[in-house]
Amino acid sequence: MAGDFKRMASCKATEWVKIRRLDMRGLRMALFGLLLFLTIIVLAAFSDIFAPYDPWNRFEPFLAPCREHILGTNDLGNDILSELIYGSRVSLIVGFGAALMATLIGTLIGLFAGYFRGLIDEMLMGITDVFLMIPQIPLIIILAAFLRPSFWLVALIMGALWWTSTARVVRSKAMQIRETSFIECSRSLGFSHMHIIFSDILPNILHVIMPKFLLTIASAMISEASISFLGLGDPTMKSWGMMINFAFTRGGFINGYWWWYLPPGLCITLSVLSLVLMGFSLEEREEETMRIE
Numbered sequence: 002m003a004g005d006f007k008r009m010a011s012c013k014a015t016e017w018v019k020i021r022r023l024d025m026r027g028l029r030m031a032l033f034g035l036l037l038f039l040t041i042i043v044l045a046a047f048s049d050i051f052a053p054y055d056p057w058n059r060f061e062p063f064l065a066p067c068r069e070h071i072l073g074t075n076d077l078g079n080d081i082l083s084e085l086i087y088g089s090r091v092s093l094i095v096g097f098g099a100a101l102m103a104t105l106i107g108t109l110i111g112l113f114a115g116y117f118r119g120l121i122d123e124m125l126m127g128i129t130d131v132f133l134m135i136p137q138i139p140l141i142i143i144l145a146a147f148l149r150p151s152f153w154l155v156a157l158i159m160g161a162l163w164w165t166s167t168a169r170v171v172r173s174k175a176m177q178i179r180e181t182s183f184i185e186c187s188r189s190l191g192f193s194h195m196h197i198i199f200s201d202i203l204p205n206i207l208h209v210i211m212p213k214f215l216l217t218i219a220s221a222m223i224s225e226a227s228i229s230f231l232g233l234g235d236p237t238m239k240s241w242g243m244m245i246n247f248a249f250t251r252g253g254f255i256n257g258y259w260w261w262y263l264p265p266g267l268c269i270t271l272s273v274l275s276l277v278l279m280g281f282s283l284e285e286r287e288e289e290t291m292r293i294e
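Taking the working numbering, I'd label the letters of the sequence shown as residues 2 to 294.
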């Protein structure tokens, strides 16, 4: 009996050592992603300071990278580095706007479905299943093509469609927490359902919501760039996707003007990479902790 206890304790200690190592690796990944993403946010927030020129100013067109124009100019003579810095604003606004809306809707639906269960759960999950069957990207493209081009519209459509995965994850976690002793204690003390949902359950599932929020930002930024590349974005706004679209339609690819299309592509890649590193490291830590428990 004592030997079995020692073996169990040894196995438990080994598992926690693995978690510790995983935490350190995940922490490094998350910190790298955070620093990278904060850099992009600072550039977007203070683009008037960091951009060397107004992105609409015109110089000699098709200039290769030089001292005056570090990333050259496009067909209209706009400084590409300035376009790049100002373009980060639209990509981030669409990403954060869509993610905030999707996370809010998904969290509310998941909380109510997981807590109340029964008929409310069936109705809300039925609505979720309907939205899951909608071909989201084609629908976004169709709506963007027929409605007035606007990055706010794109963010709104994405937020209204991309809440389903968050709702399912939150529902599952809320159903688990609902059966715990401290929730039963809150009920016995006479607290209302809303108080229990938002004061007791919600704070205990934020660690599940955050990775979904970060990954939704990444998905929205990729989708915005894709829609703009197809020519369905707002041509009056500087964005990374529109920069690639103009390079493609105005001879940048054919003539090998790499400084026109490569920088916005790299910025999209780095932004998404930073968010994925943060999101996956948080998800990985949660999965390992649940497995040990």
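Note that CB positions come from ideal geometry on N, CA and C, so glycine has one too.
In this text, all values refer to a predicted model and were calculated from it rather than measured experimentally.
**OP:** Consider the Cβ of I206: report whether some Cβ of chain E lies at a distance smaller than 9 Å.
**Re:** Here there is only one protein chain, and chain E is not present.
Original post:
Near E84, what residues of its chain come up, given a Cβ to Cβ distance below 7 Å and the 5 sequence neighbours on each side ignored?
Top reply: P56, K239 and M244
Original post:
Where does N58 land, buried or exposed, given buried means 16+ other C-beta within 10 angstroms?
Top reply: exposed
**OP:** Taking all protein chains shown into account, decide if F230 is buried (16 or more other Cβ within 10 angstroms of its Cβ) or exposed.
**Re:** buried
**OP:** Report yes if the C-beta distance between F97 and I210 is below 9 Å; otherwise report no.
**Re:** no
Original post:
How about V167 and T108: do their beta carbons lie closer than 9 Å?
Top reply: Sequence inspection shows Thr at residue 167; the Val mentioned does not correspond to that position. Yes, the pair counts as a contact, with Cβ atoms nearer than the cut-off.
Original post:
Is T74 helix, strand or coil by DSSP?
Top reply: strand
**OP:** Please determine if the segment 87-103 and the segment 157-174 are in contact, where contact requires at least 3 C-beta pairs separated by less than 8 Å.
**Re:** yes
**OP:** Examine the Cβ distances between the segment 130-138 and the segment 191-203 and report whether three or more of them are shorter than 8 Å.
**Re:** no
Original post:
DSSP puts D122 in a beta bridge; with which residues?
Top reply: DSSP, once it has assigned bridges, lists no residue as partnering D122.
Original post:
Does the segment 257-267 come close enough to the segment 275-285 that 3 or more CB-CB pairs lie under 8 Å?
Top reply: no
Original post:
Any idea what DSSP makes of D201, helix, strand or coil?
Top reply: helix
**OP:** List the DSSP bridge partners of D80.
**Re:** T74
Subject >> Residue span of the alpha helix (DSSP H) that contains A52, given as start and end >> reply: Per DSSP, A52 belongs to no alpha helix (DSSP H) and is neither H nor E.
Original post:
Count the other CB atoms within 10 Å of the CB of C67; is the residue buried (16 or more) or exposed (fewer)?
Top reply: exposed
Original post:
Quick one: complete alpha helix (DSSP H) runs, 4+ long, within the segment 227-252?
Top reply: 241-250
**OP:** Return the chain-ordered ranges of every alpha helix (DSSP H) run that is complete within the segment 254-288 and spans a minimum of 4 residues.
**Re:** none
Original post:
What's the gap between the Cα of L215 and the Cα of G119?
Top reply: 31 Å
Original post:
Quick one: what does DSSP say C67 is sitting in, helix, strand or coil?
Top reply: coil
Original post:
In whole angstroms, what is the alpha-carbon distance linking G27 and F281?
Top reply: 8 Å
Subject >> Where T40 sits in the DSSP three-state scheme >> reply: helix
**OP:** Determine, using beta carbons only, whether R179 and I202 come nearer to each other than 9 Å.
**Re:** yes
**OP:** Mark T74 as exposed unless 16 or more other C-beta atoms lie within 10 angstroms of its C-beta, in which case mark it buried.
**Re:** buried
Subject >> First and last residue of the uninterrupted alpha helix (DSSP H) at G191 >> reply: Looking at the DSSP string, G191 is not in any alpha helix (DSSP H), and its letter there is neither H nor E.
Original post:
How long is the line joining the alpha carbons of G78 and Y54, rounded to whole angstroms?
Top reply: 12 Å
Original post:
What do you reckon, are the CB atoms on D235 and V91 nearer than 9 Å?
Top reply: yes
Subject >> Nearest-angstrom Cα separation, counted from I86 out to A65 >> reply: 18 Å
**OP:** Report, in whole angstroms, the separation of the C-beta atoms of S224 and I138, which I expect to be a contact under 8 Å.
**Re:** 7 Å
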